[in-house]
Amino acid sequence: MLRRVLPPLLPALLALLIFVALPMLWVVRTSFNELVDGAYMVEALSLDNYTRFLGNPWYLVNTLWFSVRIALLATAISVICAYPVALYIAGTRGLLRNVLMSLVMAPLLIGLVTLVYGWIVIFRGGGLLNSLMIALHVYDEPVRYMWNIKGVVILLVYIGAPYIVLSLLDSIEKISPYLVEAARNVGASRWTAFWKIVFPLTMPGLYAGLVIVFSLNFAAFAVPLMVGDSKTQMIGLVIYREALLNNDLPFASALSVIMVAANTLILLGMGALFGRLILNKLEVKQ
Amino acid sequence: MMRFDFGALALRGFTALMMLFLIFPIGVTLLVSLNPREFVLPPTGITFEWFRAAWTSETFLRGMSVSLVLGVCASLIANALALPAAMALVRCDFRGKAAVNLLLMSPMLIPTTIFSLALYIYFVRLGYGSGLLPLLVGHVIHVMPYALRIQTASLHRFDPSFEEAARNVGAGRLRTLVSITLPVMRTGLVSSFALCFILSWNDFPISVFLAPPGWTPLPVELFSYIKFQYDAVAAALASSLIVLSAVAMVLIDRFAGLRRVMRS
């Protein structure tokens, strides 16, 4: 069997081995190297790059902790935005459903730069939103929505929410309508039926969405690069800057290792939390 | 019963608001690109002046040709790599199939920041730091899982007895592939190609890490442009990209079901 299966799989697997696995291992190796005179990388086995980041409170607060906070915030807002939409779409069909699904998926296929342009036109100082608000006398001075933390969160939510809608829909569509009907028949209000039946059963889909979107947000560098400012030093952006602008490959590598480790830890924590949540809900149901 | 209706109404209202949020930047971009008075509202008519400017700009045209070549090559290579793998995954049962499948899909799970940095360092160390190869490799690996996903889906709907019949009347392996398998799979291949192409064409994060000087793909070019000015010419270019993406979306949805291929 192996002789029949291996040849067709080999090209793709080799490509992944050579261009994904080896480069990733190389990053780990590079993270122990040293930069001499701020320019030349020399082979070494030092932990300097790690201590430079982990031993520096400025980096810990303004980069690592900041990224965690922004990623959690944007993920939470995405969930709040996405949940009702998924619930509504699950109850539609035909043309309406197709239109809604296309709108949800459009941001995933249209490139980031294109979308950012649209948001800049709307949100910049003299942009549409400010002109409208000032014309309606909601406020008098233009509010800064872009090139700061608000812009980063808005964009992350814009890109993240569609993923959560999709993975929630997977869960919602698996729920048998008879379950809800049965609950209603024995006297549960619509709200109780939702809270006791539908909501717990959407936890797996919600969790799957959370994992994807949190990881995307945590590693984001293009969004803070485009619509952030000097205060939105997310870890992905620092990696980008150190690698491409400062040419400090060892430090960028160490940051990548730290980022993956932190991401894994947080996802494990989330997993434990969700495991408990789902179990509790199931107990309540019994 | 009153409460019930209120809930449904609130749900519908919230969804409408969210849809507005999703469509807003896209609609505004299209509006600005057709408005003769640039950012002044309301528009007095429709103009294609900005489109003409965008489509004759040296910088943008160069970016387009880079992105076009890159997108076509990356999609072709990714589909060629994915096709035999998809066939093995659909046709054969073997131990560790789930693990192999997960492995082949793994590029989707790695953050692009890390993946791009890894490739960048790798090629710098190998001495290819400023060539086109890293960029092409980055795009191929990025889109390959999507190709694999559409192709396995389209092979699942494929009746293998067609192939057996061809083999029985004496067609060789290659002949069977060319005259039976590929034609039957063509809708799947078209949507797979469309998806890979549009993902590569619109990609920013990988390109910004790996594009060598002088070979800037269109999204990176557009990014450097809007860093300094966000005029209607940029809107026209962005609108062109939106229209192209919409065409790709329709193609993919028609032949493969967009939802199944887009979830991570």
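Here the protein sequences line up with chains A and B, keeping their order.
Here numbering that gives the first Met the number 0 is used: the first sequence runs in plain steps of one and ends on residue 285.
Here numbering that gives the first Met the number 0 is used: the second sequence runs in plain steps of one and ends on residue 263.
From the three backbone atoms N, C-alpha and C, an ideal C-beta is built for every residue, glycine too.
Predicted model only: the values in this text are computed from it and were never measured.
Using 8 Å as the limit for Cβ to Cβ distance, is residue i near chain B?
i, result
"residue 257 of chain A", "no"
"residue 229 of chain A", "no"
"residue 252 of chain A", "yes"
"residue 263 of chain A", "no"
"residue 43 of chain A", "no"
"residue 240 of chain A", "no"
"residue 271 of chain A", "no"
"residue 200 of chain A", "no"
"residue 87 of chain A", "yes"
"residue 3 of chain A", "yes"
"residue 218 of chain A", "yes"
"residue 225 of chain A", "yes"
"residue 214 of chain A", "yes"
"residue 205 of chain A", "no"
"residue 285 of chain A", "Per-residue confidence for residue 285 of chain A stands at a pLDDT of 45, beneath the threshold of 50, marking its modelled position as unreliable; the derived number appears in the next sentence. Not one chain B Cβ lies under 8 Å of residue 285 of chain A."
To which residues does DSSP link residue i through a beta bridge?
i, result
"residue 87 of chain A", "Bridge partners of residue 87 of chain A: none, in fact."
"residue 33 of chain A", "A/41"
I'd like to know whether the C-beta atoms of residue i and residue j end up nearer to each other than 8 Å.
i, j, result
"residue 99 of chain A", "residue 91 of chain A", "yes"
"residue 217 of chain B", "residue 32 of chain B", "no"
"residue 27 of chain B", "residue 196 of chain B", "no"
"residue 115 of chain B", "residue 209 of chain B", "yes"
"residue 208 of chain A", "residue 167 of chain A", "yes"
"residue 163 of chain A", "residue 182 of chain A", "no"
"residue 248 of chain A", "residue 120 of chain B", "yes"
"residue 135 of chain B", "residue 122 of chain B", "no"
"residue 155 of chain B", "residue 99 of chain B", "no"
"residue 146 of chain A", "residue 268 of chain A", "no"
"residue 49 of chain B", "residue 231 of chain B", "yes"
"residue 144 of chain A", "residue 122 of chain A", "yes"
"residue 52 of chain A", "residue 43 of chain A", "no"
"residue 153 of chain B", "residue 165 of chain B", "no"
"residue 52 of chain B", "residue 235 of chain B", "yes"
"residue 171 of chain A", "residue 89 of chain A", "yes"
"residue 201 of chain B", "residue 176 of chain B", "no"
"residue 7 of chain A", "residue 86 of chain B", "yes"
"residue 207 of chain B", "residue 189 of chain B", "no"
"residue 25 of chain B", "residue 117 of chain A", "yes"
"residue 245 of chain B", "residue 191 of chain B", "no"
"residue 222 of chain B", "residue 203 of chain B", "yes"
"residue 113 of chain B", "residue 255 of chain A", "yes"
Could you confirm whether any beta carbon from chain A is found closer than 8 Å to the beta carbon of residue i?
i, result
"residue 27 of chain B", "yes"
"residue 149 of chain B", "no"
"residue 50 of chain B", "no"
"residue 71 of chain B", "no"
"residue 120 of chain B", "yes"
"residue 145 of chain B", "no"
"residue 140 of chain B", "yes"
"residue 35 of chain B", "no"
"residue 127 of chain B", "no"
"residue 246 of chain B", "no"
"residue 124 of chain B", "yes"
"residue 1 of chain B", "For residue 1 of chain B, the pLDDT reaches just 43, beneath the cut-off of 50, and the residue's location in the model is therefore unreliable, leaving the point undetermined."
"residue 179 of chain B", "no"
"residue 59 of chain B", "no"
"residue 22 of chain B", "yes"
"residue 105 of chain B", "yes"
Determine the chain D residues that contact residue i at a beta-carbon separation under 9 Å, and present them in chain order.
i, result
"residue 18 of chain B", "Among the chains of the structure shown, chain D does not appear; the protein chains present are A and B."
Contact list for the segment 158-189 of chain A against chain B, Cβ threshold 7 Å: 162, 165, 166, 189
Short-range partners of chain B found in the segment 23-36 of chain A, where Cβ spacing is below 7 Å: Of all residues in the segment 23-36 of chain A, the ones placed with a Cβ closer than 7 Å to any Cβ belonging to chain B are 23, 25, 26, 29, in chain order.
Secondary structure, alpha helix (DSSP H): runs of 4+ residues fully inside the segment 114-155 of chain B: 132-155
Residues from the segment 79-103 of chain B in contact with chain A, defined by Cβ distance under 7 Å: Those would be 80, 81, 83, 84, 86, 87, 91, 93, 99, 102, 103, in chain order.
Entirely enclosed alpha helix (DSSP H) segments - the segment 173-241 of chain A, minimum 4 residues: 176-184, 189-192, 202-218, 221-226, 234-239
Contact residues within the segment 197-218 of chain B, judged by C-beta distance below 8 Å to chain A: 197, 198, 200, 201, 202, 203, 204, 207, 208, 218
Members of the segment 104-128 of chain A near chain B, C-beta cut-off 7 Å: For the segment 104-128 of chain A, which is checked against every Cβ of chain B, the residues closer than 7 Å are 104, 105, 106, 107, 108, 109, 110, 111, 112, 113, 114, 116, 117, 118, 119, 120, 121, 127.
Positions along the segment 5-16 of chain B whose CB lies within less than 7 Å of some CB in chain A: 6, 10, 11, 13, 14
Sequence ranges, alpha helix (DSSP H) only - wholly within the segment 71-115 of chain A, length at least 4: 93-108
Uninterrupted beta strand (DSSP E) stretches inside the segment 151-235 of chain B (no shorter than 3 residues): Fully enclosed beta strand (DSSP E) runs of no fewer than 3 residues are not present anywhere in the segment 151-235 of chain B.
Inside the segment 34-119 of chain B only - alpha helix (DSSP H) runs reaching at least 4 residues: DSSP runs (the alpha helix (DSSP H)) wholly in the segment 34-119 of chain B: 48-55, 57-90, 96-104.
Within 9 Å of chain B by C-beta, residues of the segment 64-79 of chain A in sequence order: none
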